[in-house]
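Undergrad:
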Amino acid sequence: MNNIEELVLDKKMEAQQQLTIQIAGEEHLGYVQTILDTIEAAAKVRGTGIAKRSPEYLELKIKEGKAIIALIGEEFAGFCYIESWGNKQYVANSGLIVVEKFRQHGLAKKIKQHAFSLARAMFPDAKVFGLTSGAAVMKINTELGYVPVSFAQLTDDDAFWRGCQGCVNYDVLTRTERKYCICTAMLFDPEKQKDKKEIKIIIKDLKKQLKK
Numbered sequence: 009m010n011n012i013e014e015l016v017l018d019k020k021m022e023a024q025q026q027l028t029i030q031i032a033g034e035e036h037l038g039y040v041q042t043i044l045d046t047i048e049a050a051a052k053v054r055g056t057g058i059a060k061r062s063p064e065y066l067e068l069k070i071k072e073g074k075a076i077i078a079l080i081g082e083e084f085a086g087f088c089y090i091e092s093w094g095n096k097q098y099v100a101n102s103g104l105i106v107v108e109k110f111r112q113h114g115l116a117k118k119i120k121q122h123a124f125s126l127a128r129a130m131f132p133d134a135k136v137f138g139l140t141s142g143a144a145v146m147k148i149n150t151e152l153g154y155v156p157v158s159f160a161q162l163t164d165d166d167a168f169w170r171g172c173q174g175c176v177n178y179d180v181l182t183r184t185e186r187k188y189c190i191c192t193a194m195l196f197d198p199e200k201q202k203d204k205k206e207i208k209i210i211i212k213d214l215k216k217q218l219k220k
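When the count follows the working numbering, it moves up by one through the sequence shown with no breaks and lands on 220 for the last residue.
#1: How many Å lie between ILE211 and ILE90 at the Cα?
#2: So SER233 is in the beta strand (DSSP E); what residue range does that whole segment cover?
#3: Applying the criterion that 16 or more other CB atoms from any shown protein chain within 10 Å of the CB defines a buried residue, is SER158 buried or exposed?
#4: Counting pairs of Cβ atoms below 8 Å between the region 70-79 and the region 32-39, do you hit three or more?
#5: Would you decide whether THR184 is buried or exposed? Buried here means 16 or more other CB atoms lie within 10 Å of its CB.
#6: I think THR192 touches TYR98, with their Cβ atoms under 8 Å apart; what is that distance to the nearest whole Å?
#7: Pairs of beta-carbons, one from the region 40-51 and one from the region 124-132, closer than 8 Å: are there three or more?
#8: Based on DSSP bridge pairs, tell me the residues matched to GLU91.
#9: Please list the segments of the beta strand (DSSP E) lying wholly inside the region 23-54, counting only runs of 3 or more residues, in order along the chain.
#10: Suppose only complete runs of 3+ residues qualify. What are the beta strand (DSSP E) ranges in the region 118-149, listed by chain order?
Shown next, in the form of structure tokens:
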């Protein structure tokens with residue numbers, strides 16, 4: 009059963025619209041180009057690095073059940089996916105994006121909570137990490153239990169770091185031999201941190217979706 013929540017898109021709006029946040033499935037493949045366009049637009053506005061992904065890559069994540077999508081009715085609102093690295097010892101939440109008109113209402117936090125919970129449900133023993141240059145994402149990560157770490161504490165899987173090649177700041181990463189970049193590295197270690205009650209509830213719901 010989908011996790012249905014109500015989101016007030018604007019205080020001036022008289023009615024609330026239905027927000028659905030769920031594990032993306034093949035029925036959502038039609039949103040892939042919209043997702044890519046939204047990521048590209050956000051990168052231009054921010055002027056900071058957001059690694060580009062191909063349509064085929066996002067389609068694969070959706071088919072694998074490793075993506076979270078948010079819809080307002082049938083309209084695309086946000087997205088995030090998970091990746092595993094280092095023989096599944098590390099998991100990353102990547103590609104977090106919210107359509108501009110739906111921002112400033114806590115939607116990014118909700119999507120991130122679900123992506124994090126999906127990672128915890130699928131890879132309960134893995135360390136969950138992320139690279140971000142956005143203050144808002146750092147705040148959300150901190151609330152989830154992530155702590156800032158050095159790049160050396162992240163996965164040494166070359167496949168992960170190659171994913172940064174689509175970022176405008178990739179030259180910084182290579183010049184420093186992957187020791188630091190514009191992004192901040194953050195890590196959730198299940199051996200040191202515990203999931204909060206709210207996250208445990210989402211994990212339980214997502215596990216039901218995964219069994220379908």
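Ideal Cβ placement from N, Cα and C applies to all residues, glycine included.
TA: Considering the structure as presented:
#1: 14 Å
#2: The requested residue 233 is not part of the displayed model; the chain covers only 9 to 220.
#3: SER158 should be labelled exposed.
#4: As far as the Cβ criterion goes, the region 70-79 touches the region 32-39, which means the pair count is three or higher.
#5: exposed
#6: Not confirmed; about 17 Å, so no contact.
#7: Touching, no, given that fewer than three Cβ pairs across the two stretches are closer than 8 Å.
#8: ALA100
#9: 25-31
#10: With a minimum length of 3 residues, the continuous beta strand (DSSP E) runs that stay inside the region 118-149 are 135-140.
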